[in-house]
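Enquirer:
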């Protein structure tokens with residue numbers, strides 16, 4: 089029988105915990121208000137310009153025959169009736185907007201309302217993110233906990249970690265107190281790539297900021313490209329959140345939630361292997 | 025858990041948005057964006073300009089495509105020969121300028137991107153006199169803080185208007201455009217004259233100009249928020265993002 093341990097690990101420092109929960113709220117509000125902003129013009133383009141007479145690479149809307157669909161390029165039509173492009177609101181009234189009421193902030197169509205939520209929490213994202221970045225450099229959170237070591241990045245090590253994840257064999261004992269290599273790579277991707285990309289592509293869409301820093305537009309290949317990348321990164325972030333929450337549930341939601349609220353984590357006991 | 029959480033968040037957000045505290049927070053964020061942008065952006069920093077090859081094949085128009093008033097119909101029928109741009113408010117010499125007089129001033133031509141608040145963009149070439157020297161010629165008072173643009177189009181009785189601060193009013197790219205892509209401004213794009221204020225979103229670029237007024241405060245004009253969409257739908261007055 090596995091031995092019950094009373095061992096406790098202080099796994100998450102206070103700045104990490106504050107940032108985590110503030111960020112969880114911020115990203116949810118930004119995602120959902122962002123979907124409402126998309127609803128105002130549910131088409132995405134590549135390049136410097138793009139409007140109704142130009143060719144989008146993605147559009148979400150109603151079909152002429154009474155359904156809803158997502159169109160990728162001019163060939164791929166994905167039926168999404170009831171969810172995207174045509175859906176029923178709380179009162180059962182059929183709406184032909186891209187994203188449904190339960191996915192947007194505000195729930196009823198309001199571009200100005202969504203923009204107010206988006207830009208208020210945009211400031212929260214930037215200010216809290218900057219504070220977290222500085223703190224994590226000073227308390228060495230990035231170096232000690234988040235960045236993978238050279239040994240962890242070796243293909244053999246990563247392959248082992250992939251196999252462990254695929255078999256849902258999650259770390260136990262002391263190893264559970266640290267992030268595993270795949271987890272570290274996911275966090276590095278979010279902290280150092282996805283969130284900064286969201287902020288930079290967002291700024292690149294602002295005509296005021298284009299005058300401040302025009303180079304950013306060239307980097308992304310124009311305003312409509314920046315808008316497309318903003319949208320793609322937002323969905324990459326959503327995919328991360330779904331996997332992240334699934335892993336929390338698999339690893340023991342109470343223990344994991346407690347460690348992100350109080351900082352203290354109770355490592356799952358080492359399993360004894362029988363030959 | 026995700027779905028339940030977002031459902032809860034959603035119901036909460038709609039209710040919170042209506043509170044006085046939320047409105048104050050939203051306004052605070054807008055003010056912060058405006059101030060930070062003014063702080064980090066040089067006064068005369070230009071909006072990106074494009075080449076002729078970048079011009080949108082069709083320049084989409086938005087909002088009003090034909091003002092409904094009899095006044096406008098009469099001016100249009102006369103090809104705007106009776107049209108005057110009135111420059112007034114806090115100025116020493118109020119003006120009433122004809123289209124030909126505006127065309128006789130030094131002109132600026134620029135190929136810029138028009139960004140609608142909805143998300144689309146179109147690139148076009150605009151020609152017209154720079155606004156700053158016109159305001160100077162009219163003798164702008166030192167008490168003036170905003171420039172208000174009154175228009176011929178109206179939405180259900182409320183006349184369209186917009187306003188900008190003096191930094192944007194005296195920006196080298198802020199012009200009164202009478203030509204789009206080398207042709208007189210089409211009616212859907214704001215004939216005979218529209219504002220171009222290139223560092224802000226499309227709804228600031230007032231079309232169908234009638235009068236320009238220098239004012240010290242926006243409180244007494246329209247709904248007091250500085251523009252038609254600001255008054256009617258709570259859009260931000262500062263539209264640089």
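Residue numbers (my numbering), protein chains in the order written: chain A, 89 to 363; chain B, 25 to 265. Where is the CB? At the ideal position from N, CA and C, for every residue including glycine.
Starting from the N-terminal side, write out each stretch of the alpha helix (DSSP H) that is 4 residues or longer and does not extend beyond the segment 183-215 of chain B.
Expert: Whole alpha helix (DSSP H) segments, 4+ residues: 190-193.
Enquirer: Does any residue of chain B have a CB that is nearer than 8 Å to the CB of residue 183 of chain A?
Expert: Cβ-Cβ to chain B under 8 Å: no for residue 183 of chain A.
Enquirer: Give the residues of chain A in contact with residue 141 of chain B, contact being defined as C-beta atoms less than 7 Å apart.
Expert: Within 7 Å Cβ-Cβ: 199.
Enquirer: Can residue 110 of chain A and residue 263 of chain A be called in contact, C-beta distance under 8 Å?
Expert: No.
Enquirer: For a cutoff of 8 Å on Cβ pairs, would you count residue 145 of chain B as touching chain A?
Expert: Interface residue, yes.
Enquirer: Does any residue of chain B bring its CB to less than 8 Å from the CB of residue 303 of chain A?
Expert: Residue 303 of chain A does not count as touching chain B.
Enquirer: Who are the neighbours of residue 101 of chain A on chain B, taking C-beta pairs under 7 Å?
Expert: Residues of chain B passing the Cβ test: none, with the nearest at roughly 25 Å.
Enquirer: Using the C-alpha atoms, what's the distance from residue 202 of chain A back to residue 138 of chain B?
Expert: Whole-angstrom Cα-Cα distance: 21 Å.
Enquirer: State yes or no: is the beta carbon of residue 366 of chain A nearer than 8 Å to at least one beta carbon in chain B?
Expert: Since the first and last residues shown for chain A are 89 and 363, residue 366 of chain A lies out of range.
Enquirer: The beta strand (DSSP E) that contains residue 219 of chain B, what's its start and end?
Expert: Segment 218-220, the beta strand (DSSP E) holding residue 219 of chain B.
Enquirer: In the DSSP assignment, what are the bridge partners of residue 167 of chain A?
Expert: Beta-bridge pairing links residue 167 of chain A to A:157.
Enquirer: Under 7 Å Cβ-Cβ, which residues of chain A neighbour residue 82 of chain B?
Expert: 141, listed in chain order.
Enquirer: Nearest to residue 197 of chain A by alpha carbon, out of A:214, A:337 and A:178?
Expert: Closest by alpha carbon: A:178.
Enquirer: Is residue 108 of chain B closer than 8 Å to residue 199 of chain B when the C-beta atoms are compared?
Expert: Contact: no.
Enquirer: How many angstroms separate the CA atom of residue 194 of chain A from the CA atom of residue 113 of chain A?
Expert: Looking at the two C-alpha atoms, the distance is approximately 15 Å.
Enquirer: Restricting to Cα atoms, I'd like to know which of A:237, A:152 and A:279 is closest to residue 218 of chain A.
Expert: Considering only alpha carbons, the answer is A:279.
Enquirer: So which residues of chain A does residue 265 of chain B contact, with C-beta pairs closer than 7 Å?
Expert: The answer, in chain order, is 207, 294, 296 and 297.
Enquirer: Which parts of the segment 117-151 of chain A are runs of the beta strand (DSSP E), unbroken and 3 residues or longer, counting only runs that do not cross its ends?
Expert: Whole beta strand (DSSP E) segments, 3+ residues: 146-150.
Enquirer: Could you name the residues of chain B that residue 283 of chain A contacts, counting a contact when the two beta carbons are closer than 8 Å?
Expert: Ordered by position in chain B, no residue passes the 8 Å Cβ test against residue 283 of chain A, which lies about 18 Å from the chain.
Enquirer: From this set, B:79, B:100, B:181 and B:126, which residue's C-alpha is nearest residue 152 of chain B's C-alpha?
Expert: The residue with the shortest Cα to Cα distance from residue 152 of chain B is B:126.
Enquirer: Please tell me whether residue 207 of chain A and residue 57 of chain B are closer than 8 Å, where the distance is taken between their beta carbons.
Expert: Cβ atoms of residue 207 of chain A and residue 57 of chain B: closer than 8 Å.
Enquirer: Enumerate, from N- to C-terminal direction, the unbroken alpha helix (DSSP H) stretches of 4 or more residues contained entirely within the segment 224-259 of chain A.
Expert: If we require 4 residues or more, the alpha helix (DSSP H) runs fully inside the segment 224-259 of chain A come out as 243-254.
Enquirer: DSSP has residue 175 of chain B in a bridge; who is on the other side?
Expert: In the DSSP output, where bridge partners are listed per residue, residue 175 of chain B has B:233.
Enquirer: Could you tell me which chain A residues have their CB closer than 7 Å to the CB of residue 57 of chain B, listed as they occur along the chain?
Expert: Neighbours of residue 57 of chain B on chain A, chain order: 207.
Enquirer: So residue 264 of chain B packs on residue 223 of chain B, CB below 8 Å; how close in whole Å?
Expert: That belief holds up - the Cβ atoms of residue 264 of chain B and residue 223 of chain B are roughly 6 Å apart, short of 8 Å.
Enquirer: According to the Cβ coordinates, are residue 126 of chain A and residue 165 of chain A closer than 8 Å?
Expert: Not a contact, by the Cβ cut-off of 8 Å.
Enquirer: Tell me the DSSP secondary structure of residue 206 of chain A in three-state form.
Expert: Three-state DSSP puts residue 206 of chain A in a helix.
Enquirer: Excluding five sequence neighbours on each side, which residues of the same chain lie with their C-beta closer than 8 Å to the C-beta of residue 329 of chain A?
Expert: Correct list, in chain order: 115.
Enquirer: Tell whether a beta-carbon distance below 8 Å holds between residue 176 of chain B and residue 189 of chain B.
Expert: Cβ atoms of residue 176 of chain B and residue 189 of chain B: not closer than 8 Å.
Enquirer: Quick one: Cα of residue 91 of chain A to Cα of residue 325 of chain A, how far?
Expert: Any answer about residue 91 of chain A is weak, because its pLDDT of 49 lies below 50 and its placement is not dependable; what the coordinates show is given next. In a straight line, the C-alpha of residue 91 of chain A is about 38 Å away from that of residue 325 of chain A.
Enquirer: Can you pull the chain A residues whose beta carbon is under 7 Å from the beta carbon of residue 50 of chain B, in chain order?
Expert: Within 7 Å Cβ-Cβ: 204 and 208.
Enquirer: According to the neighbour-count rule (16 or more other Cβ atoms, all chains shown, within 10 Å of its Cβ), is residue 181 of chain A buried or exposed?
Expert: It is exposed - the Cβ of residue 181 of chain A has fewer than 16 other Cβ atoms within 10 Å.
Enquirer: Please report the straight-line C-alpha distance between residue 210 of chain B and residue 311 of chain A, rounded to a whole angstrom.
Expert: Straight-line Cα distance between these residues: approximately 25 Å.
Enquirer: Given that residue 64 of chain B touches chain A, what residues does it touch there, using C-beta distances under 7 Å?
Expert: Going along chain A in sequence order, the residues near residue 64 of chain B (Cβ under 7 Å) are 300.
Enquirer: Under a CB-based cut-off of 8 Å, is residue 315 of chain A close to chain B?
Expert: With 8 Å as the cut-off, residue 315 of chain A counts as an interface residue toward chain B.
Enquirer: The segment 116-129 of chain A: which residues have C-beta closer than 8 Å to a C-beta of chain B, in chain order?
Expert: Flagged, chain order: 116, 117, 120, 125, 126, 128 and 129.
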